[in-house]
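Engineer: Counting from 132, one number per residue, gives the positions in the sequence shown under my numbering.
Quick one: this structure, given as structure tokens, is what I'll be asking you about.
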Amino acid sequence: MSTASELALRDVGILTRAVENVFRKLIRMLIGKMSLKKLQEMIQIIFVEEAEAKLKQEAPGKNVALGDIALQTGVDTRTIKKIRTYIAVSNPIHQDDVFLDGFMPLFKVFDIWMNDPNYFNVDTGKPRKLKIDGPGATFSELVKMAIQSRGLTAQAVLKRLKEIDVVEENSVEGTVVLKQEDNVFISRDDLDLLEVGFTAIGNLAATINHNIQNHLDEDAKYFQRGSWDYKFDPGKMDEIRKAIHRYLRNEDKKSRDLIVSLADTKTRSGQLTAGISMFYFEEEPAV
């Protein structure tokens, strides 16, 4: 018979596996677009914000003690105090220039190359051709200025920029030039898909949280269902996808018509956002 301690560890293991599964899929989309350091900073700020909001909800009108937040987050009180101060004096994370600076190491290289007069020719409106090494404003100095990470060399950065076809190196001259002058690390299409996708993920997470809070009240819970099977033939997936997509497109039109028929015809303050999300998914077989 399992002990209470063993049962508790099993439950924690189940939760850990579920969180790891979600995080892995989110992080796959963020690699190359957001640094681990910035993700850690963001999670720390949000975790403290949400823990404090939860405690305030549990005891309305009362001040939330640092020790109570520490108990909820596992973060020491000095760090919590620092985070609370940051929250109090800063803009929201997505509008905070200090937070956004250095969001991704390659972003910073690109930003300096396109804005610093040592690396950008204001007369021509073009980024300068840079010597890779040597004295003065070289590519190596640019990387050193942009990235303070130990072990990340100018050659490693140059190799990556060449792989994604952002720069052109002249090995005879020992120079490098920036070929693309737009934001080259997240395309507009990718950014739109990420924004829509993460909004949908956020909506699903909000529904799950609402249903957890209201698990004893069936009438208060939001509709949350999924249909799947584990026995699909990989050789038939094209026709299976087409059949499911046809079905979903038909249901999507019905859903949109329903939402429009139920919503107010005029915009006014205090209105809520509500809707229906549908998506198709596949999972690779477990190894």
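Cβ atoms here follow ideal geometry from the backbone N, Cα and C, with glycine treated the same way.
In this text the structure is predicted, and so the values were computed from the model without any measurement.
1) Which whole runs of the alpha helix (DSSP H) in the stretch 162–243 are 4 residues long or more, in chain order?
2) Give a yes or no on whether the C-beta atoms belonging to Leu-237 and Arg-281 are separated by under 8 angstroms.
3) Quick one: what does DSSP say Thr-284 is sitting in, helix, strand or coil?
4) So, does the stretch 257–271 touch the stretch 214–226, judging by three or more C-beta pairs under 8 angstroms?
5) Check for me: the alpha helix (DSSP H) holding Val-391 runs from which residue to which?
6) Let me know if Val-153 comes out buried or exposed under the rule of 16 or more other beta-carbons within 10 Å of its beta-carbon.
7) Report the residue from Asp-242, Asn-334, Asp-247 whose alpha carbon sits nearest the alpha carbon of Gln-311.
8) Once DSSP output is grouped into helix, strand and coil, what is the label at Pro-365?
9) In terms of residue numbering, what span does the alpha helix (DSSP H) encompassing Leu-273 cover?
10) Residues in the same chain with beta-carbon distance under 6 angstroms from Glu-299, minus the five sequence neighbours each way, listed in chain order, please.
11) Out of Pro-416, His-341, Lys-385, which has the shortest C-alpha to C-alpha gap to Phe-363?
12) Taking the straight line between their C-alpha atoms, what separation do you get for Arg-356 and Glu-349?
13) Can the beta-carbon of Val-179 be found less than 8 angstroms from the beta-carbon of Lys-187?
14) When you compare each of Tyr-250, Gly-163, Ile-158, Thr-208 to Ile-295 by their alpha carbons, which one comes out closest?
15) Candidates Lys-169, Ile-200, Glu-181: which alpha carbon is nearest Val-229's?
16) With a threshold of 16 other CB atoms inside 10 Å of the CB of Val-274, please say whether the residue is buried or exposed.
17) What residue does the beta strand (DSSP E) around Asn-249 start on, and which one ends it?
18) Return the CA-CA distance between Asp-285 and Ile-224, expressed in angstroms with no decimal places.
19) So the beta strand (DSSP E) Glu-299 belongs to, where does it begin and stop?
20) Could you check what DSSP says for Leu-140 in three-state terms: helix, strand or coil?
21) Check whether chain D comes within 8 angstroms of Ile-177, counting only Cβ atoms and requiring the distance to be less than that.
22) Name the residue from Gly-265, Ala-184, Ile-375, Glu-272 whose alpha carbon lies nearest to the alpha carbon of Gly-305.
23) Going straight from the alpha carbon of Thr-204 to that of Ile-263, what length do you get?
24) Indicate whether the contact test is met: 3 or more Cβ pairs, each with one atom in the stretch 398–414 and one in the stretch 328–340, closer than 8 angstroms.
25) Can you round the beta-carbon distance between Val-327 and Val-288 to whole angstroms, since I take them to be within the 8 angstroms contact cut?
26) From the DSSP secondary-structure annotation, give me the bridge partner or partners of Lys-262.
27) Can you tell me which of the three DSSP states Lys-293 falls into?
28) Beta-carbon within less than 7 angstroms of Trp-244's beta-carbon, same chain only, minus the 5 sequence neighbours each way: which residues are those?
Structural biologist: By the coordinates alone:
1) 167–189, 197–204, 208–220, 228–231
2) Start at 1 with the first residue of the sequence shown, and residue 237 comes out as number 106. Start at 1 with the first residue of the sequence shown, and residue 281 comes out as number 150. Result no, Cβ atoms of Leu-237 and Arg-281 do not sit closer than 8 angstroms.
3) Sequence index remark: in the sequence shown, residue 284 carries index 153 (1-based). Coil at Thr-284, not helix or strand.
4) no
5) Taking the first residue of the sequence shown as 1, we reach residue 391 at position 260. Counting along the chain, the alpha helix (DSSP H) containing Val-391 begins and ends at 368–393.
6) What you label residue 153 is simply residue 22 of the sequence shown in a count that begins at 1. Classification for Val-153: exposed.
7) If you number the sequence shown from 1, residue 311 lands on position 180. Nearest C-alpha to Gln-311: Asp-242.
8) Translated into the one-based positions of the sequence shown, residue 365 becomes position 234. Reduced to three states, the DSSP call for Pro-365 is helix.
9) Here residue 273 refers to the residue found at position 142 when the sequence shown is read from its first residue. First-last of the alpha helix (DSSP H) with Leu-273: 270–277.
10) The residue given as residue 299 occupies position 168 in the sequence shown. The answer, listed in chain order, is Val-308, Lys-310.
11) Residue numbering aside, residue 363 sits at position 232 when the sequence shown is read from its first letter. Among Pro-416, His-341, Lys-385, the Cα nearest to that of Phe-363 is on Pro-416.
12) Position 225 of the sequence shown, counting from 1, holds the residue named residue 356. Position 218 of the sequence shown, counting from 1, holds the residue named residue 349. Distance between the alpha carbons of Arg-356 and Glu-349 is about 14 angstroms.
13) Here the question's residue 179 lines up with position 48 in the sequence shown. Here the question's residue 187 lines up with position 56 in the sequence shown. Their beta carbons are not under 8 angstroms apart, which means Val-179 does not touch Lys-187 by this criterion.
14) As a first step, residue 295 must be located in the sequence shown, where it is residue number 164. Among Tyr-250, Gly-163, Ile-158, Thr-208, the Cα nearest to that of Ile-295 is on Gly-163.
15) Here residue 229 refers to the residue found at position 98 when the sequence shown is read from its first residue. Minimum Cα distance to Val-229 is reached at Lys-169.
16) Residue 274 sits at position 143 when you count from the first residue of the sequence shown. When all chains shown are included, Val-274 counts as buried.
17) The residue labelled residue 249 in the question sits at position 118 within the sequence shown. No beta strand (DSSP E) contains Asn-249, which DSSP labels as neither H nor E.
18) By 1-based counting over the sequence shown, the position of residue 285 is 154. By 1-based counting over the sequence shown, the position of residue 224 is 93. First, the amino acid is wrong: residue 285 is Ala here, not Asp. Cα-Cα distance, rounded: 29 angstroms.
19) Residue mapping note: residue 299 aligns to position 168 of the sequence shown, counting from 1. 298–301 is the span of the beta strand (DSSP E), which, as asked, contains Glu-299.
20) Taking the sequence shown and counting its residues from 1, one reaches residue 140 at position 9. Helix.
21) The structure shown contains no chain D, having only a single protein chain.
22) Sequence index remark: in the sequence shown, residue 305 carries index 174 (1-based). Per the Cα distances, Gly-265.
23) Residue numbering aside, residue 204 sits at position 73 when the sequence shown is read from its first letter. Residue numbering aside, residue 263 sits at position 132 when the sequence shown is read from its first letter. If I take the Cα positions, the gap works out to 46 angstroms.
24) yes
25) To locate residue 327, count along the sequence shown from 1; it is residue 196. To locate residue 288, count along the sequence shown from 1; it is residue 157. The Cβ separation is near 31 angstroms, so there is no contact.
26) Along the sequence shown, one-based indexing puts residue 262 at 131. In the DSSP output, where bridge partners are listed per residue, Lys-262 has Thr-306.
27) Residue numbering aside, residue 293 sits at position 162 when the sequence shown is read from its first letter. Correct three-state label for Lys-293: helix.
28) Looking up residue 244 in the sequence shown gives position 113. Taken in chain order, the residues that qualify are Tyr-250, Phe-251, Pro-258, Leu-273, Leu-309.
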